[in-house]
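**Q**
There are 2 protein chains.
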Amino acid sequence: MMRKAGAKRVSGEDRTRIPWSNIPKPSLERLAQYHQIAIRAGEDGNENLSSVSLSEILGVDETLVRKDMASVGIVGKPRVGYSTGQIINKLEEILGLSQHTDAVLIGCGGIGSALLRYPGFRKYGLRISAAFDADFAKVNQRVGDYVILPMEKCRSVINTFRVKVAILAVPADAAQEMADWLVRRGVQAIWNFAPIHLRVPAGIVVRNENLALGLADLIHHLRRNNMEKEDGARTR
Amino acid sequence: MMRKAGAKRVSGEDRTRIPWSNIPKPSLERLAQYHQIAIRAGEDGNENLSSVSLSEILGVDETLVRKDMASVGIVGKPRVGYSTGQIINKLEEILGLSQHTDAVLIGCGGIGSALLRYPGFRKYGLRISAAFDADFAKVNQRVGDYVILPMEKCRSVINTFRVKVAILAVPADAAQEMADWLVRRGVQAIWNFAPIHLRVPAGIVVRNENLALGLADLIHHLRRNNMEKEDGARTR
DNA sequence: TAGATTGTTAATCGATTAACAATC
DNA sequence: TAGATTGTTAATCGATTAACAATC
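First to last, the sequence lines map onto chains A and B.
Residue 16 in my numbering sits at position 31 of the first sequence, with consecutive numbering throughout.
Residue 152 in my numbering sits at position 167 of the second sequence, with consecutive numbering throughout.
1) Can you check which of these residues, A/S83, A/A164, A/Y109, is closest to B/N195 by C-alpha distance?
2) Is B/R184 helix, strand or coil when you go by DSSP?
3) When the Cα atoms are used, what is the spatial distance from B/V57 to B/K75?
4) DSSP on B/V60, reduced to helix/strand/coil?
5) Evaluate contact between the region 106 to 124 of chain B and the region 51 to 66 of chain B, counting only Cβ atoms and requiring at least three cross-stretch pairs below 8 Å.
6) In its own chain, which residues sit with a C-beta less than 7 Å from the C-beta of B/G171, not counting the 5 before and 5 after it?
7) Relative to the alpha-carbon of A/P184, which residue among B/E28, B/L16, B/L13, B/L39 has its alpha-carbon at the smallest distance?
8) Output the boundary residues of the alpha helix (DSSP H) element that contains A/D87.
9) If you count every other CB in all the chains shown that lies within 10 Å of the CB of A/L203, and 16 or more means buried, which is it?
10) Alpha carbon to alpha carbon, how far is A/E78 from B/R209? Give it in angstroms, no decimals.
11) Distance cutoff 8 Å, beta carbons only. Does B/K75 sit that close to anything in chain A?
12) Are A/A174 and A/V150 close, meaning C-beta to C-beta below 8 Å?
13) Should A/R15 be flagged as near chain B, meaning a C-beta pair shorter than 8 Å?
14) Using a Cβ cut-off of 8 Å (strictly closer), state whether A/N125 contacts chain B.
15) Rounded C-beta distance between B/R51 and A/G95? I'm assuming under 8 Å.
16) State yes or no: is the C-beta of A/A23 within less than 8 Å of the C-beta of A/L34?
17) Would you please verify whether the beta carbon of A/E194 is less than 8 Å from any beta carbon of chain B?
18) Could you have a look at A/N177 and say whether DSSP puts it in helix, strand or coil?
19) Can you tell me the Cβ-Cβ gap for B/A187 and B/P156, rounded? I've got them flagged as a contact below 8 Å.
20) For B/R0, decide whether its Cβ has a neighbour in chain A, counting only Cβ atoms nearer than 8 Å.
21) I'd like the list of long-range same chain contacts for A/L111, defined as Cβ closer than 7 Å, with 5 residues on each side in sequence excluded.
22) With a threshold of 16 other CB atoms inside 10 Å of the CB of A/M(-14), please say whether the residue is buried or exposed.
23) Figure out for me which residue from A/I42, A/A154, A/W166, A/I189 has the closest Cα to the Cα of A/I181.
24) Tell me whether the beta-carbon of A/A26 lies closer than 8 Å to the beta-carbon of A/T69.
25) Give a yes or no on whether the minimum CB-CB distance between A/G27 and chain B is below 8 Å.
26) On the CB-based measure, 16 or more other CB atoms within 10 Å of its CB, does B/N125 come out buried or exposed?
27) Roughly how many whole angstroms lie between the Cα atoms of B/L13 and A/F146?
28) B/D53: buried (16+ other C-beta within 10 angstroms of its C-beta) or exposed?
29) Compare the C-beta of A/V(-5) against all C-beta atoms of chain B and say whether one is closer than 8 Å.
30) Counting contacts by CB-CB distance shorter than 8 Å, is B/G105 in contact with chain A?
31) Could you tell me whether the Cβ of A/R140 comes closer than 8 Å to any Cβ of chain B?
32) So, helix, strand or coil for B/A151, using DSSP?
33) In this structure, what does DSSP give as the bridge partners for B/G66?
34) Along the chain, where does the beta strand (DSSP E) that runs through B/D118 open and close?
35) Report yes if the C-beta distance between A/I113 and A/L90 is below 8 Å; otherwise report no.
36) Looking at chain A, is there any beta carbon in it that lies within less than 8 Å of the beta carbon of B/T69?
What follows is the structure, encoded as structure tokens:
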């Protein structure tokens, strides 16, 4: 097999310059899970975690765990494993959970209110600067620590706090229009909770938090499991 | 390259027996997005959708769209495209959104209450049979159309309605114990909203709805985008 | 018919796994 | 030292893309 000349550099100089510029999606998902597991392990008093135990908990190959660790610069000790603390610290840095991120929240209905009340965000460095709703009946109501502001105020909040991230929790039929508006106001990333695929200009990041997909995924696996069971029974 | 004898059958007889038994995850995610886009297109009065337009909206290769469609049995017409209605119907069937699924919801805090109020679930065929909370202060309170029940009632509800799915929205430190309990009661799938990796026996399906991962993903892309911009500016 | 679009087979690419060397 | 565990290189596997034939 042929290799491009210099490809080897990727694991050398190049990576030190931009250490984790492009982590593949499946890898990123595993990293987030290692983080969760390491936190639990730490709480249980385990100072070290081996690739084998991580791989068993997640049901993946142990080599993959080591590859993942190496890819983000977490180094382990032979016969000991990886330091729980190092896993947590390094991953929080890489996943961006340790730095503060300012966001505005748009739409204070069911999902929006729940997100406003969700205590976990603080822990992950997300600071919701303010919450907005287009419905005047909701304006000035309190939700958790927030007072809902009218959309007119949104522009100045984005400017003042230089907010780059918007959490979009409006109904599906209002989401696209609101996304367009946010992008015009300088928002660079939209965390979309509306069950709709947003069209945004190149360079704008959208993450769809699609509950229908979650449900579909769950049902799909459940179904497959049941089919395997039936198959097994038939074959037996 | 060598092929196992008979591998060709996969696209023949085998597939007709179990039509969509094992859809790869990335494919499943795209299918859910096609579904969303088709619904919007239908609302806009478009009776057909081409693989090219779908691919442009999602930023994927058009061949991939056609492969996905073929894999689930959606057939298009040359010069016309795929019928919006067929996409919607077939995908709802495949994603399990058209069949009813009964679930119990455990934990009526911020996330739990939001899920109870979320009107979208009905549309996707999810029926929450009842909602429970271990906190007696919450029992008998109303949330949306539900009255929160004490955990003692959970067992009989699972048995009576033969509930296979549980939505777990309890705090992280209670999640594992609750999951164990649910599995003992016969629950086969857990939709987990607690930020923790659950350990469950083989054969039990867990889908983690991990908001921290969503946030990490968003921050990761945002960061990468900004780095590219800086790189571009420097190079220019 | 010509052209647009689907559908399929072969090539490529990237992620996972296997094998094994390095290290404490 | 022996053994457990990390780290890395090569092989495999599966998903994506390219090329092109089929069809309306």
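Glycine included, every Cβ here is placed at the ideal spot set by N, Cα and C.
**A** Answer, in terms of the structure:
1) A/Y109
2) coil
3) 8 Å
4) coil
5) no
6) I143
7) It should be noted that the sequence gives Arg, not Pro, for residue 184 of chain A. Of the listed residues, the one whose Cα sits closest to A/R184 is B/L39.
8) From DSSP, A/D87 is part of no alpha helix (DSSP H) but of the beta strand (DSSP E) over 86 to 91.
9) buried
10) 14 Å
11) no
12) yes
13) no
14) no
15) Incorrect: roughly 37 Å between the Cβ atoms, too far for contact.
16) yes
17) yes
18) strand
19) About 26 Å; that fails the 8 Å criterion.
20) Here B/R0 scores only 36 on pLDDT, less than 50, and its place in the model should not be relied on; the value that follows carries that caveat. Output row for B/R0: interface = no.
21) T86, A88
22) Only weak support exists for where A/M(-14) lies, its pLDDT of 35 falling under 50; the value from the coordinates is given anyway. So A/M(-14) ends up on the exposed side.
23) A/A154
24) yes
25) no
26) exposed
27) 38 Å
28) buried
29) Its pLDDT being 35, under 50, A/V(-5) is placed unreliably by the model, and nothing is read from it.
30) yes
31) no
32) strand
33) B/K62
34) 111 to 118
35) yes
36) no
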